[in-house]
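Numbering (full-length UniProt numbering), first residue to last: 1 to 185.
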């Protein structure tokens, strides 16, 4: 059975191993996982959740404070007229490839959405166009694509990404509160 709870420092080692496996299989995060523990240690996060399966960490999600320098945040502020103080960034959502298909990603997403709703925040995320499974998860759960971005990392490396949002109204009730605009193949 899957349990979702707030992330604890004791989860980091096992989550780091899961993240390395995710990177090997899916190329997420594209920046690589040279320092997976540092990637998980988010002292300024609004919240972090760990998915436990049979008592072991198997997935993770985080809500982060928006940064004024973030192109994705700027797009939401411009297109939806939301101030930065009303936003949270959904980030670092990943699930162990060995246990996918059991609703773990959706449960982590719901935990983050519930937290954002309780704080009165609109959610935003950037998902790479190559990550079709992740994008489909968001679309199935009522997220909307509001634009595109060029995700840049390292020295001149970049990838096409979609900017998605889910406002407070879209998070009323269950995590599944809207029809997807399209499911990607």
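Backbone N, C-alpha and C fix where the C-beta goes; we use that ideal spot for every residue, glycine too. Model, not experiment: these values are computed from the prediction.
Between which two residues does the alpha helix (DSSP H) holding residue 140 run?
Here the alpha helix (DSSP H) through residue 140 covers 132–140.
Per DSSP, residue 150 is paired with what?
160
Backbone secondary structure at residue 8 - three-state DSSP:
In this structure, residue 8 counts as coil in the three-state DSSP scheme.
From the DSSP secondary-structure annotation, give me the bridge partner or partners of residue 61.
49
Where residue 38 falls: helix, strand or coil (DSSP)
helix
Quick check: residue 40 and residue 94, are their CB atoms within less than 8 Å of each other?
no
Quick one: measure Cβ to Cβ for residue 128 and residue 151, integer angstroms, because I've assumed they're closer than 8 Å.
With a Cβ gap of about 6 Å, residue 128 and residue 151 count as contacting.
Are the CB atoms of residue 122 and residue 86 nearer to each other than 8 Å?
Cβ atoms of residue 122 and residue 86: closer than 8 Å.
Just confirm the distance between the C-beta atoms of residue 165 and residue 144, as a whole number of angstroms; I'd bet it's less than 8 Å.
6 Å
Straight-line Cα distance separating residue 117 from residue 172
Here residue 172 scores only 39 on pLDDT, less than 50, and its place in the model is too uncertain to base an answer on.
Give me the Cα-Cα distance between residue 96 and residue 158, rounded to the nearest whole angstrom.
Rounded to whole angstroms, residue 96 and residue 158 show a C-alpha spacing of 25 Å.
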